[in-house]
Amino acid sequence: MTERAQGSRRFLRKLSQTAGLPPGTLVHIGEKKVEHPRISGIVYDADRVFEQDIKEVSEIRVLLAQPGVKWIDIDGVHELTILEKLGEEFKLHPLILEDIANTEQRTKLEDYGDVLYVVTRWFELEKASGRILSDQISLILGRDFVVSFSEKEADEFASVRQRIREGKGRVRSMGADYLLYRLLDSIVDNYYIILEPLGERMDDLETRLLEDASPKILPEIFDIKRELLFLRKSVWPMREILSSLERGESPLISAETRVFLRDAYDHTIHVMETIDIFRDMESGSVETYLSSLSYRQNEVMRMLTIIATFFLPLTFLAGVWGMNFVTMPELKWPFGYALAWGVMLVIAAGMVVYFRKKKWL
Amino acid sequence: MTERAQGSRRFLRKLSQTAGLPPGTLVHIGEKKVEHPRISGIVYDADRVFEQDIKEVSEIRVLLAQPGVKWIDIDGVHELTILEKLGEEFKLHPLILEDIANTEQRTKLEDYGDVLYVVTRWFELEKASGRILSDQISLILGRDFVVSFSEKEADEFASVRQRIREGKGRVRSMGADYLLYRLLDSIVDNYYIILEPLGERMDDLETRLLEDASPKILPEIFDIKRELLFLRKSVWPMREILSSLERGESPLISAETRVFLRDAYDHTIHVMETIDIFRDMESGSVETYLSSLSYRQNEVMRMLTIIATFFLPLTFLAGVWGMNFVTMPELKWPFGYALAWGVMLVIAAGMVVYFRKKKWL
Amino acid sequence: MTERAQGSRRFLRKLSQTAGLPPGTLVHIGEKKVEHPRISGIVYDADRVFEQDIKEVSEIRVLLAQPGVKWIDIDGVHELTILEKLGEEFKLHPLILEDIANTEQRTKLEDYGDVLYVVTRWFELEKASGRILSDQISLILGRDFVVSFSEKEADEFASVRQRIREGKGRVRSMGADYLLYRLLDSIVDNYYIILEPLGERMDDLETRLLEDASPKILPEIFDIKRELLFLRKSVWPMREILSSLERGESPLISAETRVFLRDAYDHTIHVMETIDIFRDMESGSVETYLSSLSYRQNEVMRMLTIIATFFLPLTFLAGVWGMNFVTMPELKWPFGYALAWGVMLVIAAGMVVYFRKKKWL
Amino acid sequence: MTERAQGSRRFLRKLSQTAGLPPGTLVHIGEKKVEHPRISGIVYDADRVFEQDIKEVSEIRVLLAQPGVKWIDIDGVHELTILEKLGEEFKLHPLILEDIANTEQRTKLEDYGDVLYVVTRWFELEKASGRILSDQISLILGRDFVVSFSEKEADEFASVRQRIREGKGRVRSMGADYLLYRLLDSIVDNYYIILEPLGERMDDLETRLLEDASPKILPEIFDIKRELLFLRKSVWPMREILSSLERGESPLISAETRVFLRDAYDHTIHVMETIDIFRDMESGSVETYLSSLSYRQNEVMRMLTIIATFFLPLTFLAGVWGMNFVTMPELKWPFGYALAWGVMLVIAAGMVVYFRKKKWL
Amino acid sequence: MTERAQGSRRFLRKLSQTAGLPPGTLVHIGEKKVEHPRISGIVYDADRVFEQDIKEVSEIRVLLAQPGVKWIDIDGVHELTILEKLGEEFKLHPLILEDIANTEQRTKLEDYGDVLYVVTRWFELEKASGRILSDQISLILGRDFVVSFSEKEADEFASVRQRIREGKGRVRSMGADYLLYRLLDSIVDNYYIILEPLGERMDDLETRLLEDASPKILPEIFDIKRELLFLRKSVWPMREILSSLERGESPLISAETRVFLRDAYDHTIHVMETIDIFRDMESGSVETYLSSLSYRQNEVMRMLTIIATFFLPLTFLAGVWGMNFVTMPELKWPFGYALAWGVMLVIAAGMVVYFRKKKWL
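Chains as they are written, first to last, in our numbering: chain A, 3 to 363; chain B, 3 to 363; chain C, 3 to 363; chain D, 3 to 363; chain E, 3 to 363.
Rendered as structure tokens:
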């Protein structure tokens, strides 16, 4: 119970942490999810790929000087000195740095002219509780580079990295904007992956629903509904971001990449629709649960009524013939007792016929 | 139960299949619904019709060189080499080919300048389960040709083909854009055809609803509601496509055809409205079901109360006269027993009058 | 039940009739509601009125040649040869003729440049079933003529005709656009007339609702809700038509007439609002019904509980004193029996006091 | 019941009265709420005020010739000859006169170039029934005059008149547009005044709700919800009117007055919000009512179950020892009877303990 | 109960206070929350800070003449003479003064060209009742000054003041527009702070919900829902204000500050979303409550049915063997009594097995 009862705190905990903090100071907000930030660089063009683990931020300058698309990936955003150095290296607006460090941003796209800044979330399902956890992902697109920040070392973009290494698909022959698209596409694909266990929980709940009407089921349904609502609110701005990128408002996005962004946009719509259908399914589950409660009660009531209707008249008769009146002629009839049983059996048989007719039996 | 409990998987199964796949690689996603793709061509103008079964994709070139409107119909999209050859023949953008092969597209219209690409779905009702199944239909409109792709051999467009052969109606005297309209119109008509068995299931359910309040009915209602929601989400973008074609944004659509597209648009609106009314009817069914549960319970309760109210006082009296007190004068009265029955009958009659007054009997 | 259970078929029957039919062929869809079409003409200006029953379509040519506003009214749209001749006479686009003959159109306005074509529906309440029936009305406005088509002979526009004859009001001194307005206004007024019996049925249902909680009432409420939804969907496009005419997008509508169209537009909004309030009332009725079921059950339960609480203890006591233990001293007390009654009466009185305190009696 | 059951007629009665009536004929629709129309004039500027009771419409001409702002107030709109004369005096469009006489207009603003015509409603609460009654108010703004029409003599604008007389506030030093604003502001203030008794009825109902779950309460709640819906639909167009006046689309409204109109607009929004909160509160009341029914039933059921569970086993035991078997050893034990009581008391005590544990007692 | 039952008065009390009051007179509406207004001034630029307690309004003139950003903070708005003097000093439009004094304004932004006027509310939670109280905050932005008014002495902006004093962050190096942003940001942060105790009450309620189904819980849930609705309606216009400021429609807002305003705008959206999720959670709580009522009833009913089904047949048998027929052979069997117990025990055991099978035990 206690865990559930902290439902609201989940949405509020970090909120009040940020409240009252002045804007404009670089400060890390959120949990420290990795010990030391890890920086890795990759430079590629159609012909070659070069990867490097970066120990000192200053090494990046060498990397950036090379031709080809550069992708710098930083895992861990809590060391502010590193963030500040990166900011200098890439000439980032201080507000971008603050947003990267404050890991409670809503998904948004900001156009700073020379760079595009996208901040969004990567979802993961906590197996034990079924809760959806999320990490903040920040993506910066420059003319020929992409910088990606995530809160911990889980390599969300492993498949993209792999394809760059292997030179499969288009990624090697296209620009940094296409790389940004591929990263965003991974995030959208991740929505599907997070929906799948949710769907399984829903199916599982629905099976239990009609078997066991325990009142603990309803809060579980509402938990899922809430996760879906939370997810919906998170996916919605991604839709806007992709639509705005696709409309080609920034010169950093080439026409060629836009067609692909439209594809990712379509996927996001698809995710939204699936979430809506899931929410609708859960609303149906609530009603099914309530009606199954009603139905059970009906069954129990019918049982009770049948029993009472059957035995109350018979018990009454037994009571009558148990009375102590001096003159009760039937008591002395030779077959009085047999007759009594006969009367009672006839009544009982009549009841059974009646209940059958009423379809209660 | 198990079948129902996989409700969510139905929407998710294919989703996670596509997730993680890189864009830009031609890959078939979906079931293989036909053994070998079948290609057929038809060339027509006001005066003549020529049909041909195409074995080799290269034969298409000869067909395209002829005057008149060309319609190439491909059943089966899983053989990628064929798709690639078709792509070369018609000079299609690689993204079109990918969308054709990935049979999980949302309904959409894409304008590639020289061709219009429409991808949508053809619905079919699986008789046994009452599920709505769907195949992907891709339509490509060029200046003087239409290419149509479907996942299997079911000839969705048989009636159009027939009319071209017979030269009935306008189709022979108009261009490829009118042919596209006729194909889209078949798809919209198909919505009506899919709604009809759904409506029958609804009527059937409603009849059962008031007769038998089994808790299995509610999930069935929600099944239908979900199918309707799913259908609504699919029809909605068709409305947008027809509206956009009708506004004449593409030079491939002639003014003459636009008036007809407006007609198809009106039909789509009609389908949407019918779906909305159906959804409203199902919501009503849920409430009817719940209230019929309540009503039944009321009836059962009333029965129980009548029986108890009738027999409890009588049984009490019988119990009183069955007590073993030494001095109970009435027991020795000559007509004591008759009197006892009299008292009990009077009470019983009073009960009946009371219940009648309360309209319980 | 069977009648209700065909609720969905009502919306679908004609739908599937039209599905699969090729556009562009003149074909009558719908019931044949009149034996032979009847055509009547009326020519008027400020000074004179001339009426004529038209046997042959060609007679219309003479009529049209006269000065003044011409109104041709056709009852019955199933004879296609007549439609075709009229089409030639008025030079109508073939699509207009098809829409006139296919009596399943949604309400819409189409601007063909030289003529405006409005298709809408005239509602009637079928007394017996309480169903709203509807006929299709087609109106064509030319420079100096109006052609009106209805499916049967019921003269929907009798009052307009009467005023033209009598020369009352403005109609005689204004143009054909004002005549169109008057016809549309009759249709909007008809909405009010159809709402009145619906309102009466609602009031009637509400009275029965609290008296008799039969489960047949709920489907009746949903019937009305469905009729209202159906009506709403039909009135909505009329609002758009009037708004579009009033904005003066067509040169056929004079500025003077526009002010009147705004009036009709206001009435349509009023109808929409009334429908919304009615729908809200019916939703309230559903909840009232459900709660009255609950309340009744409460009453029945209370009755049962009172009876059981009253007699179970007394019956127990009677049972105790009916036991056959050899040594039960009270049985031999001279006033034992009287005492037993005394005890039982005291308990009964205590119960009454208790129930009074609980406000159950 | 009968009164409630006429709920729908309230919205329909007048509707069908107007239906079928031709536009363009001056005819009074509505009740005659005052015997004779009363006309009063007031002329003012910063320095002086002059008031006059007008017997003959022609006297108005003299008044209008004077310098300063003129306000003509007419109570009673059923005498058409007076309306016609006023129309001539102020050169009003015939449609304005018709709208004034037909007291069933929706709130609207019409711009006739030289005059602005506002028609709206003044609400009053009928104490006895709690119904909201309304009168139509028509306001005409000219360059230097305002004409106001109301259906009866209740001086809705008494406070404005008083302030003009006393020269308080800005009204005397500003133009006719400011006077119009002041009149509209009185109407908006009136919304607050009408909401107050509604709010009291709501509070009153809520208090009764949990005390007494009579099924008569629910229809009362729905009555209030309907009044609120009705009010909402009436206030909504006032919002539009004020917004449109404030945007300064008419040259009759000075920039100075616009700031004040924005204020009135804000108040209207506030009223809308309060209505929304009230509607939300009533929805909550419905659920509270339904749950209190459920809760009561639970209580009654628990009572019944406790009684039955308590006495059924004891009665059974008494029945057993009342059996007439020849050999029932315990019956002959010296302390058999005492033992029987002992057993029964132990069982009873066990029950009490059990119920306590279940928190039923 | 009485406190709750005044729910509506809370929204109405002040409404009717203002109704009927003429616009344009400076009058204080609201409670007097502080004895004497307190005015404090602060002048700062990048290099220095100067603070002053202001006794006489005229002292402000000296302050304003200094270079740097000036921030005048007034606590208490009920002394109209002070307001009037401030109005003269800052050359404020009389409507601004009226809005400051009338503490019932909706949150809004008004652009008077040379100054921007923002009026909004500061929320506080009344610990005892859990009610959200609010004070009106008025902010005026001039070219180089900000004037802030609050109703009482609680220093809402203490943290801003502190940072100015200490010269931390950007505030000292930026203009008056940035100060306005910082004050608005404090107000938005305050939304988070007010949501936290609401969330705790929600969690607390949810814990109690499943333990104790007292009908007092539902009104508490609706209380919270109402607070959330109220909050939502208050936060919504803040969103519009920040969006409008951020779009840079006023020259008083520099481009540099706009980026920060966008940040505050994002926070407001976040607050809105949290409120929506909270509202959704409360709706779920209502359904959980209702279903827990149903579930309890089911449990009680099952108990009753088990008891009745168990004992009614046994009691009947005891009744039969208690009958006084002369010839009842089994009564004389030596083991008749033991047999009777045997029969009854077998029946009882059968019942237990049956109930086990039905999962009732």
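Virtual Cβ for every residue (Gly too), placed ideally from N, Cα, C.
Fair warning: this is a prediction, and the values are worked out from it, not measured in the lab.
Within-9 Å CB hit, residue i to chain A
i, result
"Glu208/B", "no"
"Phe262/E", "yes"
"Gln138/B", "no"
"Gln107/E", "no"
"Arg304/E", "yes"
Supposed contact pair residue j and residue i - C-beta distance, whole angstroms, cut 8 Å
i, j, result
"Val190/A", "Ala266/A", "5 Å"
"Val79/E", "His30/E", "7 Å"
"Gly321/D", "Gly321/E", "6 Å"
"Asp47/D", "Gly70/D", "4 Å"
"Leu244/A", "Leu182/A", "About 11 Å separates the two Cβ atoms, so there is no contact after all."
"Leu212/D", "Ser294/D", "6 Å"
Helix, strand or coil at residue i [DSSP, three-state]
i, result
"Trp362/C", "coil"
"Thr186/D", "As written in the sequence, residue 186/D is Leu, which differs from the Thr given in the question. Helix at Leu186/D."
"Leu28/C", "coil"
"Gly43/C", "strand"
Any chain E beta carbon closer than 9 Å to residue i
i, result
"Gly321/D", "yes"
"Tyr193/A", "no"
"Ala178/A", "no"
"Ile142/A", "no"
"Arg15/D", "Any reading at Arg15/D must be qualified, since the residue scores a pLDDT of 47, below 50, and its modelled position is unreliable; the value itself is stated next. Cβ-Cβ to chain E under 9 Å: no for Arg15/D."
9 Å Cβ cutoff, residue i in contact with chain D
i, result
"Phe357/E", "no"
"Met1/C", "Here chain C comprises residues numbered 3 to 363, so residue 1/C is not present and cannot be evaluated."
"Ile271/C", "yes"
Test: residue i CB closer than 9 Å to a CB of chain B
i, result
"Arg50/A", "no"
"Ala7/C", "With a pLDDT of only 41 at Ala7/C, under 50, the local geometry of the prediction cannot be trusted, and the value read off the model is given with reservation. By this cut-off, Ala7/C is an interface position."
"Ser245/A", "no"
"Thr2/C", "Because chain C spans 3 through 363 in this model, residue 2/C falls outside it and cannot be assessed."
Beta carbon proximity, residue i to chain C, threshold 9 Å
i, result
"Asn326/D", "yes"
"Thr4/D", "With a pLDDT of only 38 at Thr4/D, under 50, the local geometry of the prediction cannot be trusted, and no value is derived from it."
One or two residues paired with residue i in a DSSP bridge
i, result
"Gly344/A", "Gly344/A pairs with nothing; no bridge assigned."
"Leu143/E", "Leu118/E, Val148/E"
"Val51/A", "Tyr46/A"
- prompt: What residue ranges within the segment 54-136 of chain E form continuous alpha helix (DSSP H) runs of no fewer than 4 residues, ordered along the chain?
  reply: 61-67, 82-92, 96-103
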